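Student: Structure below; questions to follow.
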Amino acid sequence: MEISFLKTRCTHCGKTKMVEDAVSGEITCKNCGFVIKEKKEETGPEWREFPEEKNTKSRVGLPSSLADYDQWLTTDIGKGEKDAFGKFLPSGSQTLIRRLITWDERSKLREPGKRNLIQAFQYLSRLKDKLNLSDAITEKAAYIYRKALERGIIRGRSIELVITASLYAACRETTTPRTLKDFSEAANIQRKGLTRSYRLLHKELDLRVPVVTPDRFIPRIANACRVSEKTKRQALEILKKAVEERISAGKDPTGLAAAALYLACVLTGESVTQKEIAEAAGVTEVTVRNRYKDLRKNLSDIQKILKLPEQNNKFWLSQRW
DNA sequence: TAAGATAAGAGGGACAT
DNA sequence: ATGTCAGTCTTATCTTA
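So for the first sequence, the numbering used here puts the first residue at 24; every next one is plus one.
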């Protein structure tokens, strides 16, 4: 789905054509691809408003969400002073009803499943903010977590661990470029446990997870390193070719994206170090180097692919292969 | 100082036992 | 279930230009 945001001006190229990715929530410039915002907010009226009902329908509170532990559907017992006809109850009944209210409140919070969801969704909301994720993804994560709770997957594992894994799974399902490392850092959870829980979720809940393609990570790494749009596009071309040549199979997509971007920088003469790229991509320099080597070895005709100007040829040919 | 080389070790998938 | 194997990535350290 594409939506134009005419009032937003791209901070990179100045154009005002914006495109929103409905799933990942990223708002990018249609002209140059610069990511303006990674998180969408809900603004404006909730429904369409007709002239005769002015101001009657704008914003009636938060939308209902799977990430509300009770989805606002709980019922509270009213103050037990009067009966249904408005007559005051005898004092004995009032006492009884007060006791009922007390226990009703207690049971809501003490029911293990509910308490679990409250904790989990509080945690989810914090994590969502830390990682700059959209509401659509939180919804998915909440859905996955509820399922996991039903299946008893949480038993023996911490709430934090499973809700983090659920959010990771939601990102994977929506091909939102976040790495396991992002999650282990944001949630302060060991990567090892996180992968284990994610795998468990994946297996038990039959999640449909699309294959992660390296090109999804290019904008993120490029923005972090302040790489030009031109180079970014070349990196994408390199990746396309790499996939065609089947040198991408079995390789870490972030590492591959980092290497492609580095190669693009070398070719265009932009000075970005391996270290910067590696850091931005969340992989080591060694990995960048190895993938870089693979790319150079297998894409020796890369100049033709990228239609590079002459002056770069000398530099390119002077490299040792 | 950036980039390249090398080695040891970890974790996980495929496959066989 | 458990073990082995090939391959990948990380960490650490040294060398090179």
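Ideal placement from N, C-alpha and C gives every residue a C-beta, glycine not left out.
On a predicted model such as this, the values are computed, not experimentally measured, just so you know.
Which first and last residues belong to the alpha helix (DSSP H) in which residue 310 is found?
Tutor: In the first sequence, the residue the question calls residue 310 occupies position 287. Judged by DSSP secondary structure, residue 310 falls within the alpha helix (DSSP H) whose first and last residues are 308-321.
Student: Does the distance from the CB of residue 191 to the CB of residue 221 come in under 8 Å?
Tutor: Locating residue 191 in the first sequence gives position 168, where the first residue counts as 1. Locating residue 221 in the first sequence gives position 198, where the first residue counts as 1. Cβ distance < 8 Å, so residue 191 and residue 221 count as in contact.
Student: Tell me residue 105's beta-bridge partners as DSSP assigns them.
Tutor: Along the first sequence, read from residue 1 onward, the residue named residue 105 stands at position 82. Its beta-bridge partners are 111.
Student: Note down the Cα distance separating residue 94 from residue 107, rounded to an integer number of angstroms.
Tutor: As a first step, residue 94 is located in the first sequence; it is residue number 71 there, counting from the start. As a first step, residue 107 is located in the first sequence; it is residue number 84 there, counting from the start. Computed Cα separation, rounded: 27 Å.
Student: Between which two residues does the alpha helix (DSSP H) harbouring residue 205 extend?
Tutor: Within the first sequence, residue 205 is the residue found at index 182, counting from 1. 203-209 is the extent of the alpha helix (DSSP H) around residue 205.
Student: Starting from the C-beta of residue 227, find all residues in its chain whose C-beta is less than 8 Å away, skip the five residues before and the five after it, and write them out in chain order.
Tutor: Working through the first sequence from its first residue, we reach residue 227 at position 204. For residue 227, where only same-chain residues beyond five positions count, the Cβ hits under 8 Å are 171, 174, 176.
Student: On the CB-based measure, 16 or more other CB atoms within 10 Å of its CB, does residue 97 come out buried or exposed?
Tutor: Walking along the first sequence from the start, residue 97 turns up at place 74. With fewer than 16 other Cβ atoms within 10 Å, it is exposed.
Student: Below 8 Å on the Cβ atoms is my contact criterion, and I expect residue 117 with residue 104 to pass it. Report the Cβ-Cβ distance as a whole number of Å.
Tutor: Counting from one through the first sequence, the residue named residue 117 turns up at place 94. Counting from one through the first sequence, the residue named residue 104 turns up at place 81. The pair is a contact, with the Cβ atoms about 6 Å apart (cut-off 8 Å).
Student: For residue 285 versus residue 270, is the C-beta spacing smaller than 8 Å?
Tutor: As a working mapping, residue 285 is identified with position 262 in the first sequence. As a working mapping, residue 270 is identified with position 247 in the first sequence. If you check the CB distance, residue 285 and residue 270 do not come in under 8 Å.
Student: Please report the straight-line C-alpha distance between residue 46 and residue 168, rounded to a whole angstrom.
Tutor: Along the first sequence, read from residue 1 onward, the residue named residue 46 stands at position 23. Along the first sequence, read from residue 1 onward, the residue named residue 168 stands at position 145. Per-residue confidence for residue 46 stands at a pLDDT of 47, beneath the threshold of 50, marking its modelled position as unreliable; the derived number appears in the next sentence. Their backbone Cα atoms lie some 19 Å apart in a straight line.
Student: Using the Cα positions of residue 137 and residue 288, report the straight-line distance between them to the nearest angstrom.
Tutor: As a first step, residue 137 must be located in the first sequence, where it is residue number 114. As a first step, residue 288 must be located in the first sequence, where it is residue number 265. So the two alpha carbons sit approximately 52 Å from each other.
Student: With a threshold of 7 Å on Cβ separation, who are the neighbours of residue 185 within its own chain once the five nearest residues in sequence on each side are excluded?
Tutor: Working through the first sequence from its first residue, we reach residue 185 at position 162. Listed in chain order, the non-local C-beta contacts of residue 185 below 7 Å within the same chain comprise 168, 171, 176, 177, 220, local neighbours out to five positions each way being set aside.
Student: With distances taken between CB atoms, is the gap from residue 261 to residue 304 smaller than 8 Å?
Tutor: Counting from one through the first sequence, the residue named residue 261 turns up at place 238. Counting from one through the first sequence, the residue named residue 304 turns up at place 281. In this structure, residue 304 does not lie closer than 8 Å to residue 261 by Cβ.
Student: Is the beta carbon of residue 210 less than 8 Å from the beta carbon of residue 236?
Tutor: The count along the first sequence starts at 1 and reaches residue 210 at position 187. The count along the first sequence starts at 1 and reaches residue 236 at position 213. In this structure, residue 236 does not lie closer than 8 Å to residue 210 by Cβ.
Student: Figure out for me which residue from 153, 218, 256, 239 has the closest Cα to the Cα of residue 180.
Tutor: Counting from one through the first sequence, the residue named residue 180 turns up at place 157. Measuring from the Cα of residue 180, the nearest candidate turns out to be 218.
Student: Quick one: using the 10 Å Cβ neighbour count with 16 as the cut-off for buried, is residue 157 buried or exposed?
Tutor: Against the first sequence, residue 157 aligns to sequence position 134. Per the 10 Å Cβ criterion, buried.
Student: May I ask you to report which of helix, strand or coil DSSP gives residue 289?
Tutor: By one-based count along the first sequence, residue 289 stands at place 266. Note: residue 289 maps to helix in three-state DSSP.
Student: At which residues does the alpha helix (DSSP H) containing residue 297 begin and terminate?
Tutor: Here residue 297 refers to the residue found at position 274 when the first sequence is read from its first residue. Looking at the DSSP string, the run of the alpha helix (DSSP H) that includes residue 297 is 297-304.
Student: Quick one: residues in its chain with C-beta nearer than 7 Å to the C-beta of residue 276, no 5 flanking neighbours on either side, listed in chain order?
Tutor: Here residue 276 refers to the residue found at position 253 of the first sequence. Cβ neighbours of residue 276 beyond the five flanking positions: 235, 236, 237, 240.
Student: Could you work out which residue in 90, 88, 121 is closest to residue 99 when comparing CA atoms only?
Tutor: Stepping through the first sequence from its first residue, residue 99 is reached at position 76. Out of 90, 88, 121, 121 has the C-alpha closest to the C-alpha of residue 99.
Student: Which residue from 302, 150, 125, 225 puts its Cα closest to that of residue 247?
Tutor: Indexing the first sequence from 1 puts residue 247 at position 224. Each of 302, 150, 125, 225 was checked against the Cα of residue 247, and the nearest Cα belongs to 302.
Student: How would you label residue 69, buried or exposed, when you count the other beta carbons within 10 angstroms and need 16 or more for buried?
Tutor: Working through the first sequence from its first residue, we reach residue 69 at position 46. Note that residue 69 scores 44 on pLDDT, short of 50, meaning its location in the model is unreliable; the coordinates nonetheless yield the value given after this. When all chains shown are included, residue 69 counts as exposed.
Student: In whole angstroms, what is the alpha-carbon distance linking residue 152 and residue 162?
Tutor: Taking the first residue of the first sequence as 1, we reach residue 152 at position 129. Taking the first residue of the first sequence as 1, we reach residue 162 at position 139. For residue 152 and residue 162, the distance between alpha carbons rounds to 14 Å.
Student: Less than 8 Å between the beta carbons of residue 282 and residue 318, yes or no?
Tutor: As a working mapping, residue 282 is identified with position 259 in the first sequence. As a working mapping, residue 318 is identified with position 295 in the first sequence. Against a cut-off of 8 Å, the Cβ pair of residue 318 and residue 282 comes out as a contact.
Student: As a quick exercise: from 313, 273, 257, 90, pick the residue whose alpha carbon is nearest that of residue 293.
Tutor: By 1-based counting over the first sequence, the position of residue 293 is 270. Nearest of 313, 273, 257, 90 to residue 293, Cα basis: 257.
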